[in-house]
Amino acid sequence: MKINRLICGAGTLMTALLLVACKPSPEKLSEAEALKAALVEAKNNAENTYLDITDSSLRGTLDELAQKESAIENKDFSKLSDSMLEYYVPKMTELTGEYQSIQLTLDAKLAEDNAKREAALKEAMLNATVINNTEFTITEMVLHDMTSDEYSANLLGDGITVAAGYTLVGVDLDIKIDSAQWEIVIKDDGGKAYSFVCGDFNQASREGIYITLSYDSTAGTGVADIQNQ
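Residue numbers (the working numbering): 2 to 230.
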């Protein structure tokens, strides 16, 4: 009977020792949990940034990292020994570093997208119908943004001319909304240039406009009258 009690007591003691041995020390557990929290945060930051960019080329890389991260995040560190936690510590550090590295790339792509969005907010695309109410055959036509002193490409396209009294439809004008003054510059079939002062494009309808070109040969001045369609 005493022998059975001794064996039973020894077994209980061994079980207790095994349980103690499997539990991590408070210091190791705290360190591991902190590293896991940093890893989860790095993963969430990367995934959230990815949702805000237009480039999808990093999706595969993020999915690979997410598989590794998920395996670690789902581990209950409180049930692991110190030696097992020491196994996961460098893995978490390495994986967090990979996320931080890809975060730099994501941030750069986000900055590019934001710059494009901001630029788009400062511009408006207007569809215009141009009426040539002059005596000239127009062989070239550009929009001069006098505020920024920038010229558009030839609005007619290669090989297109607009004879006197004719109309050209489907002219796309890229307008900067923070500009305040424009002119249309044309060339006739003799290569001579003429300028036509424009109205305020910022008051023009985004649904489309008519631009009527008129020229006073006596005064030597041209006007590009803008009317909403």
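Every residue gets a Cβ at the ideal spot worked out from N, C-alpha and C, and that includes glycine.
Review point. Rounded C-beta distance between Gln182 and Ser206? I'm assuming under 8 Å.
Key: In the sequence shown, residue 182 corresponds to position 181, counting from 1. In the sequence shown, residue 206 corresponds to position 205, counting from 1. Actually they do not touch by this definition, with Cβ atoms about 20 Å apart.
Quiz item: Over what stretch of residues does the alpha helix (DSSP H) that includes Thr62 continue unbroken?
Solution: Residue numbering aside, residue 62 sits at position 61 when the sequence shown is read from its first letter. Note, Thr62: alpha helix (DSSP H), Arg60 to Glu74.
Within its chain, find whatever has a CB closer than 8 Å to the CB of Ser149; leave out the 5 residues flanking it on each side and keep chain order.
Taking the sequence shown and counting its residues from 1, the one referred to as residue 149 is at position 148. Result list for Ser149: Lys177 and Ser180, in chain order.
Assuming Asp189 contacts Thr106 under a Cβ cut-off of 8 Å, what Cβ separation, rounded to an integer in Å, is found between them?
-> To locate residue 189, count along the sequence shown from 1; it is residue 188. To locate residue 106, count along the sequence shown from 1; it is residue 105. Wrong, their Cβ atoms sit about 52 Å apart, outside the cutoff.
Among Ser215, Val172 and Asp114, which one has its Cα closest to the Cα of Glu208?
As a working note, residue 208 is residue 207 in the sequence shown. Ranking the options by Cα distance to Glu208, first place goes to Val172.
If I measure Cβ to Cβ from Val163 and keep anything under 6 Å in the same chain, skipping five residues before and after, which residues do I get? The residue labelled residue 163 in the question sits at position 162 within the sequence shown. Here the set comprises Asn133, Ile139 and Leu169.
*Rank Val143, Tyr152 and Gly166 by C-alpha distance to the C-alpha of Asp159 and give the top, closest one.*
By one-based count along the sequence shown, residue 159 stands at place 158. Measuring from the Cα of Asp159, the nearest candidate turns out to be Val143.
So, with DSSP's three-state summary, where would you put Gly171? For the purposes of this step, residue 171 is identified with residue 170 of the sequence shown, where counting begins at 1. In the structure shown, Gly171 sits in a strand (DSSP, three-state: E or B).
Of the residues Ala43, Ala165, Ser58 and Met85, the one placed nearest Pro25, counting alpha carbons only = Within the sequence shown, numbered from 1, the residue matching residue 25 stands at position 24. Looking only at Ala43, Ala165, Ser58 and Met85, the smallest Cα-Cα distance to Pro25 is reached by Met85.
Discussion item. Using 9 Å as the threshold, is the C-beta distance between Leu40 and Tyr100 below it?
Written reply: For the purposes of this step, residue 40 is taken as the residue at position 39 of the sequence shown. For the purposes of this step, residue 100 is taken as the residue at position 99 of the sequence shown. Closer than 9 Å, so yes.
Subject >> From Ile212, Cys199 and His145, residue whose alpha carbon lies closest to that of Thr222 >> reply: On the sequence shown, position 221 is the one that residue 222 refers to. For the residues Ile212, Cys199 and His145, the minimum Cα distance to Thr222 belongs to Cys199.
Taking DSSP's pairing of strands, which residues face Lys188 in a bridge? In the sequence shown, counting from the first residue as 1, residue 188 sits at position 187. In the DSSP assignment, the residues bridged to Lys188 are Glu141 and Ala194.
Residue from Asp201, Asp217 and Glu42 whose Cα sits closest to the Cα of Tyr211:
Taking the first residue of the sequence shown as 1, we reach residue 211 at position 210. The shortest Cα separation from Tyr211 among Asp201, Asp217 and Glu42 belongs to Asp201.
Spatial neighbours of Val21 within its chain, please: CB distance less than 7 Å, with the 5 preceding and 5 following residues excluded, ordered by chain position. What you label residue 21 is simply residue 20 of the sequence shown in a count that begins at 1. Here Val21 scores only 47 on pLDDT, less than 50, and its place in the model should not be relied on; the value that follows carries that caveat. For Val21, where only same-chain residues beyond five positions count, there are no Cβ hits under 7 Å.
Can you tell me the Cβ-Cβ gap for Glu141 and Leu157, rounded? I've got them flagged as a contact below 8 Å.
On the sequence shown, position 140 is the one that residue 141 refers to. On the sequence shown, position 156 is the one that residue 157 refers to. Indeed, because the Cβ distance is near 6 Å, the residues count as touching under 8 Å.
From Leu214 to Val224, what distance separates their C-alpha atoms? For the purposes of this step, residue 214 is taken as the residue at position 213 of the sequence shown. For the purposes of this step, residue 224 is taken as the residue at position 223 of the sequence shown. Between Leu214 and Val224, the alpha-carbon positions lie close to 6 Å from each other.
Excluding five sequence neighbours on each side, which residues of the same chain lie with their C-beta closer than 8 Å to the C-beta of Lys3? One-based indexing of the sequence shown puts residue 3 at position 2. Only weak support is given to the placement of Lys3: the predicted model assigns it a pLDDT of 40, under 50, and the value that follows is read from those uncertain coordinates. Around Lys3: no qualifying Cβ.
Within 9 Å, strictly: CB atoms of Tyr216 and Tyr195: Taking the first residue of the sequence shown as position 1, residue 216 is located at position 215. Taking the first residue of the sequence shown as position 1, residue 195 is located at position 194. Yes.
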